[in-house]
Structures are given as C-alpha cells and as structure tokens.
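What follows is a set of notes on a single structure, which appears directly below.
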Amino acid sequence: MDEKKSKVILHGMWASSYAKRVEIALKLKGIPYEYVEEDLQNKTESLTQLNPVHKKIPVLVHDGKPVAESLVILEYIDETWQNSPRLLPEDPYERAQVRFWASYINQQVFEVMGRVVSQEGEALAKTAEEAQERFKVLEDGLKKHFPNKMTREDDDVGLLEIIITATFGNHKVYHEVIGVKIIDPVNTPALYNWIECLRELPVMKEVEIPRDRLVNSLQCYRQKLLQQAANA
Numbered sequence: 013m014d015e016k017k018s019k020v021i022l023h024g025m026w027a028s029s030y031a032k033r034v035e036i037a038l039k040l041k042g043i044p045y046e047y048v049e050e051d052l053q054n055k056t057e058s059l060t061q062l063n064p065v066h067k068k069i070p071v072l073v074h075d076g077k078p079v080a081e082s083l084v085i086l087e088y089i090d091e092t093w094q095n096s097p098r099l100l101p102e103d104p105y106e107r108a109q110v111r112f113w114a115s116y117i118n119q120q121v122f123e124v125m126g127r128v129v130s131q132e133g134e135a136l137a138k139t140a141e142e143a144q145e146r147f148k149v150l151e152d153g154l155k156k157h158f159p160n161k162m163t164r165e166d167d168d169v170g171l172l173e174i175i176i177t178a179t180f181g182n183h184k185v186y187h188e189v190i191g192v193k194i195i196d197p198v199n200t201p202a203l204y205n206w207i208e209c210l211r212e213l214p215v216m217k218e219v220e221i222p223r224d225r226l227v228n229s230l231q232c233y234r235q236k237l238l239q240q241a242a243n244a
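Numbered continuously in our numbering, the sequence shown closes out at residue 244.
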C-alpha cells in the first residue's frame, strides 16, 4: 500500500479514552491524519452515517472507508500499516493474552470505574471495593503473563500499553475528583509503575490531556450523574 496516498480521518472527542487509544496508535505508526472533534451531546450527521450501529466515537475513516470500535481500529491499523512498532505480538499465545487482558479492561474494569464516577457515600465505598478487586485481578495477570515487560521508548509500546495508558493514565485525577484511590504503588505496584513509565514516553506526552481541563470536565460530569440519580 502506498501510505502517502492514504487519507486518514479520526472522529473523536478530546476526553475520550477510547479515541485517545487510536490517537496514540496513529502517532506511534507515524500515520498522518486529520482529526475531527465531535460533540457527543450534538452528534454530527457525518458521525451517525459513519457509525450507524452505535453512533459513537472513535471512528477511523481510511480512504473513505469507516472502521468503528477502538479495539477493532487498533488491530486494523496494525494490519494495514505493518511498520514498527507492531501493536500485537507475533507469538500466537502472547497475542491471545494481550487480547484477553485488553478485553478484561474494556468489559470488567472500565464498567466498574463508570459506576465509581456516578456514586457517593456508601454506594461509592462498596463499588470502590469491587473496583479494587478487579484491579487486583488485572495486577496479578500482568505479573503472570508479562513479568519481564519493559517499556523504555515509543517502539516498546503495543496494544495493551496503549489501552492501559489511555484508560488509566489519569487515575490520579480521578482520585482527586472522586476521593477514591484504586491504583497505587502498594496494592497495584506492577500496574502503577507501568503507567508511570508509559506516561513519560514522548508519544504519550504528545497526546496528554491538560490536567485542569480534565479535572473540570470530570467534576461537571460527576455532578450531572449524581443529580440525575437524585432526581430518578
């Protein structure tokens, strides 16, 4: 494929960890792209046409052909642009483990974190405990299946590192806003240290969300959810 003639457009939203995954992958691969910021409260007709099933971001449009869902997009990028770094390991078993833990983060960890944001009081304490249990499962999985994983430069980054950084890279902001600490160097040292190393990489700094903007956005979002729950 002549990459120079390829036109790539990413429809995303600045605070979306799902869209951030795709941004990181495109920058890692050195793929030029056009970015379209979407307002999720007022979705464009273009977005609903590109992703008629879910009507959500991110959507990658490659030479006019849309690809939806962040994990699907990441694999599409890796298969289409096969230059370094490769996002998935060559070994089938290692590749299966990356896919498994990526799915676990998407289905188990992200779900419970969404509930943490929308609760307070006793309900929050109970959900935070559940979240800590799920993070402990992730911690044990990382230690078992990726014991010697070292991430010192951009070329060391793969699909799992992308998901971990995009999803948990701002965990300290969540602690500040919600008052719950779930990732820390004592209970989840492998995950905590991996995140800290990843956040120092040039590609991660390039796509980093401004802290103050994220704090304000998360505070507003949390208050909205709490108000909706109170009015229900």
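Just so you know, even glycine gets a beta-carbon here, dropped at the ideal spot from N, CA and C.
On a Cα-Cα basis, can you pick out the residue from Val129, Ser82, Arg211 and Glu123 that is closest to Val66?
Start at 1 with the first residue of the sequence shown, and residue 66 comes out as number 54. It is worth fixing the name first, because residue 66 is His in this sequence and not Val. Nearest of Val129, Ser82, Arg211 and Glu123 to His66, Cα basis: Ser82.
Shortest alpha-carbon distance to Glu145 belongs to which of His157, Cys209, Trp26 and Ile194?
In the sequence shown, residue 145 corresponds to position 133, counting from 1. When each option's Cα is compared against that of Glu145, the closest is Ile194.
Report the option in Leu72, Phe122 and Pro201 whose CA atom is closest to the CA atom of Glu151.
Against the sequence shown, residue 151 aligns to sequence position 139. With distances taken between Cα atoms, Glu151 lies closest to Pro201.
When the Cα atoms are used, what is the spatial distance from Asp166 to Cys209?
On the sequence shown, residue 166 is found 154 positions in, with the first residue counted as 1. On the sequence shown, residue 209 is found 197 positions in, with the first residue counted as 1. Going from the Cα of Asp166 to the Cα of Cys209 covers about 11 Å.
Give me the residue from Ile43, Lys41, Leu59 and Glu91 with the minimum Cα distance to Met25.
By one-based count along the sequence shown, residue 25 stands at place 13. For the residues Ile43, Lys41, Leu59 and Glu91, the minimum Cα distance to Met25 belongs to Leu59.
Along the chain, where does the alpha helix (DSSP H) containing Ala241 start, and where does it finish?
Numbered from 1 along the sequence shown, position 229 holds the residue referred to as residue 241. Ala241 -> alpha helix (DSSP H) spans Arg223 to Asn243.
Per-residue DSSP class, three states only, for Ile195
Taking the sequence shown and counting its residues from 1, one reaches residue 195 at position 183. Coil at Ile195, not helix or strand.
Tell me which residues share the same chain as Leu1 and place their Cβ nearer than 6 Å to its Cβ, disregarding the 5 neighbours each side in the sequence.
The structure shown does not extend to residue 1, since the chain spans only 13 to 244, so no value can be given for it.
Alpha-carbon to alpha-carbon, Tyr47 and Lys55
For the purposes of this step, residue 55 is taken as the residue at position 43 of the sequence shown. For the purposes of this step, residue 47 is taken as the residue at position 35 of the sequence shown. Near 15 Å, if we compare the C-alpha coordinates of Tyr47 and Lys55.
Where DSSP assigns a beta bridge to Gly24, which residues make up the other side?
Along the sequence shown, one-based indexing puts residue 24 at 12. In the DSSP output, where bridge partners are listed per residue, Gly24 has Glu49.
Identify which residue in Asp196, Pro214 and Ser18 has its Cα closest to the Cα of Lys77.
Working through the sequence shown from its first residue, we reach residue 77 at position 65. Answer by Cα proximity: Ser18.
Whole-Å CB distance - Val124 paired with Glu142, under 8 Å assumed
Residue 124 sits at position 112 when you count from the first residue of the sequence shown. Residue 142 sits at position 130 when you count from the first residue of the sequence shown. Confirmed, about 6 Å.
Can you give me the C-alpha to C-alpha distance between Gln239 and Gln231, rounded to a whole angstrom?
Within the sequence shown, residue 239 is the residue found at index 227, counting from 1. Within the sequence shown, residue 231 is the residue found at index 219, counting from 1. So the two alpha carbons sit approximately 12 Å from each other.
Quick check on Phe112: buried or exposed, where buried means 16 or more other Cβ atoms within 10 Å of its Cβ?
Within the sequence shown, numbered from 1, the residue matching residue 112 stands at position 100. When all chains shown are included, Phe112 counts as exposed.
C-alpha gap between Ser28 and Pro104, whole angstroms:
Residue 28 sits at position 16 when you count from the first residue of the sequence shown. Residue 104 sits at position 92 when you count from the first residue of the sequence shown. Each residue's alpha carbon lies about 30 Å from the other.
Considering only their Cβ atoms, is the gap separating Arg211 from Gly329 smaller than 8 Å?
Residue numbering for the chain in the displayed model covers 13 to 244; residue 329 lies beyond these limits and cannot be assessed.
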